[in-house]
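So the sequence shown is residues 36 to 119, counted in my numbering.
The C-beta atom is built at its ideal place from N, Cα and C for all residues, glycine as well.
This report concerns only the one structure given below.
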Amino acid sequence: MAKKKRSALKRIRQTRRRTTIKTLARSASRTAVKAAREATGDTGDVVRKAASALDKAAKRGGIHKNAARRRKSRLMKAAANKTT
36 MAKKKRSALK
46 RIRQTRRRTT
56 IKTLARSASR
66 TAVKAAREAT
76 GDTGDVVRKA
86 ASALDKAAKR
96 GGIHKNAARR
106 RKSRLMKAAA
116 NKTT
């Protein structure tokens, strides 16, 4: 087997790190959205945290920015329907 170039080894390290960061951001946003959907009573603070988590995931590349906007919109809509 041929020896890997230094640049290839660096790309492997970068990819591994980037994948970990994106996975963590995506997981945190999913958890926050789930908590917001299951919240009862005053949901404002929980929904704000979920929206923030979605924005962070989009900024870090965990999810697409339009997907984050769509999920935030649906979450806000569900929270508004829950309070009325």
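Indicate the three-state DSSP secondary structure (helix, strand or coil) for residue i in the structure shown.
i, result
"D77", "coil"
"K40", "coil"
"I56", "helix"
"I98", "coil"
To which residues of the same chain is residue i closer than 8 Å at the C-beta, ignoring the five residues directly before and after it?
i, result
"V68", "A85, A88, L89, R106, L110"
"L44", "none"
"R41", "none"
Leaving out five residues on either side along the sequence, give the residues of the same chain with a beta carbon under 7 Å from the beta carbon of residue i.
i, result
"K117", "T78"
"K100", "A93"
Please list, in chain order, all residues of the same chain as residue i whose beta carbon is under 6 Å from its beta carbon, the five residues on each side excluded.
i, result
"A74", "V81"
"A63", "A88"
"T50", "none"
Check whether the Cβ atoms of residue i and residue j sit closer than 8 Å, and answer yes or no.
i, j, result
"R83", "A113", "no"
If we define contact as Cβ-Cβ less than 8 Å, is residue i a contact residue for chain C?
i, result
"A70", "Given the protein chain composition of this structure (a single chain), no chain C is represented."
(request) Pair every Cβ in the segment 89 to 98 with every Cβ in the segment 51 to 65, then say whether three or more of these pairs are closer than 8 Å. (result) Short answer: they touch.
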